[in-house]
C-alpha cells in the first residue's frame with residue numbers, strides 16, 4: 173500500500189539524493205587558496221582572481237545519483253509487487269555505494285592536477301547520500317516485513 177512507512181523512507185531517500193545532486197561536495201585547496209569546487213555534475217575550476225571554467229569530469233556521479241533517485245521514485249509506485257520494490261531499494265543502495273567509490277576516486281584523481289597537489293576538503297553535502305542509503309535500507313526492511321506478514325496471513329487461510 174502506498175501509505176506505508178516504506179513510502180516515507182523512500183521519499184526521504186529520493187529528496188536527500190536530489191538535494192545532494194545540486195550541492196557542492198568539496199573544495200580543492202592549494203596553499204590555503206581554493207582552486208576548484210566539486211559538484212556532482214561539474215568541477216568549477218578557478219583560473220585566476222575572477223575567471224572560472226567548468227569541467228564535466230564528475231558527471232558520472234550525477235548520473236549515478238539520478239538513476240538512484242529515479243529507482244526510488246519508481247519503487248514508491250511499485251507497491252503492488254513488494255519483492256520487486258525490495259530489489260529496487262537494494263539496487264539503489266548499491267548505486268549509492270558506487271557513488272561513494274566514484275567520489276573517493278574523483279577526489280583523489282582531481283586533486284593532483286596541473287602539477288600541484290591540492291588538498292581536498294569535503295563538504296557536509298557528501299553525507300546526504302549516506303543518509304539516503306540508510307533510508308533505502310530501512311525501506312527495504314519495512315517492505316520485507318510486510319511481505320512476511322502477507323505470507324503468514326496466506327498460510328493461515
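In the working numbering, the protein residues as written are 173 to 329.
We treat Cβ as the ideally placed atom computed from N, Cα and C, and that holds for glycine.
Around the C-beta of residue 312, are 16 or more other C-beta atoms found within 10 angstroms, so that it is buried, or is it exposed? Classification of residue 312: buried, given that the 10 Å Cβ count is 16 or more.
Count the other CB atoms within 10 Å of the CB of residue 268; is the residue buried (16 or more) or exposed (fewer)? A residue is called buried when at least 16 other Cβ atoms come within 10 angstroms of its Cβ; residue 268 meets this threshold and is buried.
Check whether the Cβ of residue 236 lies closer than 8 Å to any heavy atom of the ligand NAP, and answer yes or no. In terms of ligand content, the structure shown is empty, and the ligand NAP therefore cannot be addressed.
For residue 213, collect the residues of the same chain with a Cβ closer than 6 Å to its Cβ; drop the 5 residues on either side in sequence, then sort them by chain order. Only 231, 234 meet the Cβ criterion.
To the nearest angstrom, report how far apart residue 274 and residue 250 are at their CA atoms. Within the model, the alpha-carbon separation for residue 274 versus residue 250 is close to 29 Å.
Given that a residue counts as buried once 16 or more other Cβ atoms are within 10 Å of its Cβ, and exposed if not, what is residue 301? When all chains shown are included, residue 301 counts as buried.
Buried versus exposed, by CB contacts within 10 Å (16 or more), residue 289: Residue 289 comes out exposed.
Just to confirm, are residue 237 and residue 187 a CB contact at a threshold of 9 Å? With contacts defined by Cβ atoms closer than 9 Å, residue 237 and residue 187 do not form a contacting pair.
Cβ-based burial, residue 195 [other Cβ within 10 Å; buried from 16]: The Cβ neighbour count for residue 195, taken over all protein chains shown within 10 Å, is under 16; the residue is labelled exposed.
If you drop the 5 nearest sequence neighbours on each side, which residues of the same chain put their C-beta closer than 7 Å to that of residue 173? Any reading at residue 173 needs caution, since the residue's pLDDT is 49, under 50, leaving its predicted position unreliable; the model's value is listed next. Exclusion of the five residues before and after residue 173 leaves 251 as the residues of its chain whose Cβ lies within less than 7 Å of its Cβ.
For chain C, is any of its Cβ atoms less than 9 Å away from the one on residue 196? The chain inventory of the structure shown lacks chain C, comprising one protein chain alone.
Beta-carbon proximity check, residue 254 vs residue 322, cutoff 9 Å: Yes, the Cβ-Cβ distance between residue 254 and residue 322 is below 9 Å.
Starting from residue 293, follow its DSSP beta bridges and name the residues at the other end. Paired residue(s): 199.
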